[in-house]
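This report concerns only the one structure given below.
Residue numbers (UniProt numbering): 1 to 339.
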């Protein structure tokens with residue numbers, strides 16, 4: 001049995017080595033290579049895991065998938081979805097978020113489950129039911145079983161200016177200390193041309209946006225800025241989508257507000273479990289938290305960069321019906337692309 005399993009893995013190793021030789025590649029923001037696979041740039045660290053996930057994952061109709069582009073609120077959305085979906089499966093004062101990080105509770109396919117095992121047994125991998133997973137995979141590259149089954153996808157997008165700055169600073173933390181960090185200008189040039197982990201960004205966002213418009217019962221498309229402005233209302237939308245709507249009694253007891261509080265960016269950042277330890281992918285847990293603000297891009301981007309991105313937003317989103325809020329509601333200007 002062990003020998004057969006080893007033979008299968010060896011065969012897959014050989015197949016992968018031949019496959020990857022044909023992929024275009026670029027140097028990534030953190031220093032390692034990005035490979036162009038099926039229209040998107042995949043980090044070398046997870047390329048093999050991603051293809052294994054794509055080829056072999058079998059979704060259950062009851063599965064819930066948290067899907068995001070990097071630095072768009074992934075950690076936050078994992079905490080919100082976990083606490084909302086499973087709120088009746090543990091005592092409130094024993095919420096696992098108090099002792100485990102969001103990425104430990106809602107595990108990535110490509111950065112965790114398939115990273116060191118091309119054929120993981122996922123039947124009972126989740127402590128609670130229904131199963132809850134996450135991915136940075138673009139919609140077009142998702143396994144057929146996810147797209148064709150009854151499983152649901154929760155997606156969150158963030159305005160590209162804040163996302164870009166957050167990704168640039170995050171990548172600098174991941175870069176080898178012996179290597180000089182990518183300058184803002186260099187990162188901007190790569191982002192503008194669609195070169196970033198799991199990018200192009202606009203293709204990623206629009207893929208899920210269009211799919212959510214075609215099948216809103218399968219894909220819930222959330223906006224980072226909207227969640228920041230009105231957490232309670234969007235938690236109710238999330239709960240309804242997940243099939244676990246808040247009851248009148250729960251609302252009277254303040255359950256919605258409790259979830260919003262424990263899952264707030266500020267609270268998650270200060271929890272001891274998120275201030276120590278390292279993720280399966282090798283990233284320290286502290287790296288997943290920065291500011292979580294709207295409009296912080298204004299402290300970094302030059303007027304030229306802002307002008308270029310505003311034009312790019314208008315070009316990419318034209319006719320899609322999707323808009324981005326570039327500044328917080330309290331700012332003087334809430335910008336969104338013109339159709």
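Every residue, glycine too, gets a C-beta built ideally from N, C-alpha and C.
According to DSSP, residue pairing for residue 33 in a beta bridge involves 27. Closest option to residue 209, judged by alpha-carbon separation, among 140, 56, 88, 127: 140.
In the three-state scheme derived from DSSP, where H, G and I count as helix and E and B as strand, residue 119 is classed as coil. One alpha carbon belongs to residue 233, the other to residue 78, and they sit about 17 Å apart. According to the DSSP assignment, residue 53 belongs to the alpha helix (DSSP H) that extends over 44-56.
Here residue 224 is near residue 156, since their CB atoms are less than 8 Å apart.
Residue pairing for residue 152: DSSP places it in a beta bridge opposite 64. The stretch 58-66 makes contact with the stretch 134-151: 3 or more CB pairs, one atom from each, lie closer than 8 Å. One thing to note: residue 25 has its Cβ no nearer than 8 Å to the Cβ of residue 19. Distance from the CA atom of residue 202 to the CA atom of residue 189, rounded to whole angstroms, is 15 Å. Taking C-alpha positions only, residue 66 is separated from residue 98 by approximately 20 Å.
DSSP places residue 126 in the coil class of the three-state scheme, outside both helix and strand. Taking a cut-off of 8 Å for Cβ pairs, the stretch 125-137 and the stretch 155-172 do not touch, as fewer than three such pairs fall below it.
Less than 8 Å separates the beta-carbon of residue 235 from that of residue 259.
Annotation: residue 241 to residue 220 spans about 7 Å, alpha carbon to alpha carbon. Counting only the Cα atoms, residue 246 lies some 11 Å from residue 88. The DSSP-derived three-state label of residue 134 is strand. Beta-bridge partners of residue 223 (DSSP): 157.
Per DSSP, the continuous alpha helix (DSSP H) segment holding residue 208 begins and ends at 201-214.
Within the same chain, Cβ atoms closer than 7 Å to the Cβ of residue 23 are found at 35, 36, 37, the five residues on either side in sequence being excluded. Looking only at 31, 64, 115, 43, the smallest Cα-Cα distance to residue 244 is reached by 64.
Its chain contains 128 as the residues whose beta carbon lies nearer than 7 Å to that of residue 86, once the 5 sequence neighbours on both sides are disregarded; these appear in chain order. Residue 185: member of the alpha helix (DSSP H) spanning 184-192, first to last residue.
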